[in-house]
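S.K.:
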Amino acid sequence: MAQAFPFTAIVGQDEMKTAILIAAIDPSIGGVLVLGDRGTGKTTAVRALAALLPRIKAVTGCRYGCDPAAGAARCAECAALRPGGALPKSHLISVPVVDLPLGATEDRVVGALDLERALSQGIKAFEPGLLAQANRGFLYIDEVNLLEDHLVDLLIDVAASGENVVEREGLSVRHPARFVLVGSGNPEEGELRPQLLDRFGLSVEVKTPEQLSERVEVVRRRDAYEQDREAFVARWKPEDERIRRQLVAARKRLPQVTIPDAAREQAAALCMALGTDGLRGDLTLIRAARALAALQGDATVGAPHFRRVAGPALRHRLRRNPLDNAGSTVRVERAVEEIMG
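Under the numbering used here, the residues of the sequence shown are numbered 4 to 344, in order.
1) Looking only at its chain, what residues have a beta carbon closer than 7 Å to the beta carbon of Gly284, apart from the 5 residues adjacent to it on each side?
2) By the DSSP assignment, the beta strand (DSSP E) with Val345 in it spans what residues?
3) Check whether the Cβ atoms of Gly33 and Phe203 lie closer than 8 Å to each other.
4) What first and last residue would you give for the beta strand (DSSP E) that runs through Arg177?
5) Taking Ile59 as part of the beta strand (DSSP E), name the residues at either end of that continuous run.
6) Would you grab the beta carbon distance between Gly140 and Glu130 for me? Rounded to a whole angstrom, and I think it's under 8 Å.
7) Please report the residue range of the beta strand (DSSP E) in which Tyr228 lies.
8) If we require 3 or more residues per run, which beta strand (DSSP E) segments fall completely within the stretch 15 to 79?
9) Please report the straight-line C-alpha distance between Glu244 and Gly173, rounded to a whole angstrom.
10) Terminal residues of the continuous beta strand (DSSP E) containing Glu341?
11) Would you identify the three-state DSSP class for Phe235, choosing helix, strand or coil?
12) Are the beta-carbon atoms of Val209 and Lys45 separated by less than 8 Å?
13) Identify whether Arg345 lies in helix, strand or coil by the three-state DSSP scheme.
14) Assuming Glu192 contacts Asn138 under a Cβ cut-off of 8 Å, what Cβ separation, rounded to an integer in Å, is found between them?
15) I need the DSSP call for Pro212, collapsed to helix, strand or coil.
16) If I'm right that Val112 touches Leu157 with Cβ under 8 Å, what's the distance once you round it to whole angstroms?
17) Look at the Cβ atom of Val312, then the Cβ atom of Leu286, and state whether they are nearer than 8 Å.
18) Assign Phe203 to one of three DSSP states: helix, strand, or coil.
19) Is Glu151 helix, strand or coil when you go by DSSP?
20) Just to confirm my understanding: we take Arg77, look at its own chain, exclude 5 residues before and 5 after, and list those with CB closer than 6 Å. What are they?
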């Protein structure tokens, strides 16, 4: 398997990298949507994430990578593996990062009857799909704005429930499908359906570097990576290891990070000022700020954290205002200055 481009070697794109780390710290945030020009490192960052994440425990022999911890969501097979209340045997696996191709069929995504076993052995068996492979990991969709409508509907249902239900060809299967959804695309090629857009916790914008020195450094690093991948990855391994340790520490620290009532009021006031629909924006803003605080080693959420995550958490939730021609990013920045100074 080819070695992924190191996460820390990606030049610039700080908002995108921070958003991806925040989603990895707290998956309940709801995933990341990365929109911007082609060739700006969107796919590279997602591929790099897979190599960066620490390994996780999974039930030995489980096709869905179920969590062996007590009280975790499990498939029917793993739920039955608890004689005398003991936890099932487990082993370490890499966090899955699964690609969902635009041309994938519904059977490929949700799973279907294993035709080979059905024809050769006469047994009705379930062949897990991409949703099963992505359980407890990341499901990545490149050009997500071009995804077919029936797959969009399916993803919305599974993302909301955390469970994949398959009823077909005499099969009835339920299995956990909890994943962080990561999508990328170019807005010029089409817009996302509002229902799917709302499911992404964070939305970041990436642009082609405008500074000469930055463009030169991007090309230099990519060229060095393609010339000798092993040497390039080894060179950046200490930095990636540092980020991995920071990520593990942030996950442990997350439950202890406090959010004062004053901070909650600031978050609510910001969402009210922007006119966001529902309360998903409020929740995402709070969760993202808490995850950022954990990443930075801070014990309490405050205005500096809100300022940094307000754009990604809220820009894709704004309604169009015919009286305000400013872009969503500008509107969020303006509201943050008014509410938080």
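Even glycine gets a Cβ: it sits at the ideal position worked out from N, Cα and C.
The model shown is predicted, which means the values in this text are computed figures rather than measured ones.
M.R.: Checking against the coordinates, here is how it stands:
1) For Gly284, the CB contacts under 7 Å within the same chain, skipping 5 residues up- and downstream, are Cys274, Ala316, Leu317, Arg320 in chain order.
2) Coverage of the chain is limited to positions 4 through 344, which leaves residue 345 absent and any answer about it impossible.
3) yes
4) 174 to 179
5) 59 to 62
6) No, Gly140 and Glu130 are not in contact; Cβ-Cβ is about 19 Å, not under 8 Å.
7) For Tyr228, there is no enclosing beta strand (DSSP E); the enclosing alpha helix (DSSP H) has its first and last residue at 215 to 230.
8) 35 to 39, 59 to 62
9) About 48 Å.
10) First-last for Glu341: 331 to 343, but that is the alpha helix (DSSP H), not the beta strand (DSSP E).
11) helix
12) Contact: yes.
13) Only positions 4 to 344 of the chain appear in the structure, and residue 345 is not among them; the question remains open.
14) At roughly 30 Å, the Cβ-Cβ gap does not stay under 8 Å, so Glu192 and Asn138 are not in contact.
15) Here Pro212 carries a coil assignment [DSSP, helix/strand/coil].
16) 7 Å
17) no
18) Collapsing the DSSP output to three states places Phe203 in coil.
19) coil
20) Cys69
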